[in-house]
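Once you know that position 203 of the sequence shown is 209 in my numbering, the rest is easy, because the numbers rise by one and skip nothing. To start, the structure under review is shown below, and the notes come after it.
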Amino acid sequence: MDLLHCASVVRQAKYGMPAQRFGLSVRLCSIGMSLFAPKRRFDAQQPEMMDQPGVDPELVREELRALERANRRLGGHRLMLHYVAKLLGPARRPSVNILDLGTGSADIPRAIVAWARRERLPVTVVAVDANPVALDVARAACRDWPEIRLEQHDLRALPYAAESFDLVLCSLALHHFGNAEAQTILQRIHALARVGCIVNDLRRNWLTIVAAVLMARTVLRNPVTRNDVPQSCRAAFTVGELRTMAMGAGLRRFQIHRHHGCFHMVLEGRK
């Protein structure tokens, strides 16, 4: 069962497929799609451990350091820099200001500033996170990076005016929210950007979930990471779900690209 067949179901329904056969075909499409991705598992009352109050801050710091190492070694930084450079284009700009949402340890803002310094491009980055422990880690890491300003805000209640930033970034944060909230955040991201936005997140599918569970049972030692990695993969969106939310949020000029095999996807939006 593939996407082309599922699309054909809709076309046939338009031309009078009998209701019984149409219902059967829709059910078969649903079964076929479930072979690739199970139903999303997200519970706002049971967030990931790093977002829960009372968790040992040192364990959260360890998880953030591990995520930074993964971004550096497995291409997360290169991926974001690729899209930043692509959206900014070849034209020389006098300066660039960027908003990074769900910044964690602010490793992506630091990678962007390092790139901008090499390019001799003046840049400022406002790095936002709701987690006070994450911001403590980011402050320590950003002491020698005056281009980065750290602020604590809930992504659902950002205090910035429309088109306040050239680019708005959001990496590995969207799956922390329910569908309706995620769509609202996408709408806000789009509104805040003058040039475009980049949303990088996990892709939900069976392979990523199985890999995450195996890692949690074997190589991961931090109890927060052991819990959060599989939970993140189960709470992630599919490409189709992200596309539907982006369209519902009012984005019209956007593309969704698959990266790192079946593990990541990037929404590249333009104004």
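The beta carbon of each residue, even a glycine, is placed where N, CA and C say it ideally should be.
Would you tell me roughly how many angstroms separate the C-alpha atoms of I118 and L87, rounded to the nearest one?
6 Å
Nearest to A167 (by Cα), restricted to the options L208, R194, D150
Nearest of L208, R194, D150 to A167, Cα basis: R194.
Suppose only complete runs of 3+ residues qualify. What are the beta strand (DSSP E) ranges in the stretch 124-187, listed by chain order?
129-135, 154-158, 171-177
Contact belief for E153 with V131 at Cβ below 8 Å, rounded distance in angstroms
6 Å
Leaving out five residues on either side along the sequence, give the residues of the same chain with a beta carbon under 6 Å from the beta carbon of E54.
D234, Q237
Could you say which of F183, L192, A133 lies nearest to Q52 if we only look at CA atoms?
The candidate whose alpha carbon is nearest that of Q52 is F183.
Three-way DSSP call (helix, strand, coil) for A25 in this model:
The pLDDT assigned to A25 is 45, lower than 50, so where the model puts this residue is not dependable, and the model offers no usable value.
Mind pulling the alpha helix (DSSP H) runs of 4 or more residues that sit fully within the stretch 196-273?
The qualifying runs are 212-224, 229-241, 245-254.
Taking its Cβ as the centre, do 16 or more other Cβ atoms sit within 10 Å of E69, making it buried, or is it exposed?
For E69, the number of other beta carbons within 10 angstroms of its own is at least 16, and it is reported as buried.
Is the CB-CB distance between W212 and A43 below 8 Å?
yes
Close beta carbons around R162, own chain, < 7 Å, minus the five adjacent residues each side
For R162, where only same-chain residues beyond five positions count, the Cβ hits under 7 Å are E187, T190, I191.
Are the CB atoms of R210 and C239 nearer to each other than 8 Å?
Cβ distance < 8 Å, so R210 and C239 count as in contact.
Cβ-based neighbour list, M221, same chain, cut-off 7 Å, excluding 5 preceding and 5 following
Once the five neighbours on either side are set aside, the close Cβ partners of M221 are V235.
V245 versus V225 - alpha carbon distance
28 Å
So is D207 buried or exposed if we call it buried at 16+ other beta carbons inside 10 Å?
Answer is buried; the Cβ neighbour count reaches 16.
Could you name the residues of the same chain whose beta carbon sits closer than 6 Å to that of W121, not counting the 5 residues immediately before and after it, in chain order?
Sequence-distant partners of W121 (beyond 5 residues in either direction) whose C-beta falls short of 6 Å from its own C-beta, in its chain, are L87.
Nearest CA to the CA of R258: which residue from A241, L141, A197, D106?
A197
Report all residues from its chain with a CB closer than 8 Å to the CB of I104; omit the five preceding and five following residues, and keep chain order.
V90, P115, I118, V129, T130, V131, V132, F171, D172, L173, V174, L175
If you reduce the DSSP assignment to three classes, tell me which class V61 lands in.
V61 falls in the coil class under three-state DSSP.
Taking the continuous beta strand (DSSP E) assigned at L93, which residues delimit it?
No beta strand (DSSP E) holds L93; the alpha helix (DSSP H) holding it covers 82-94.
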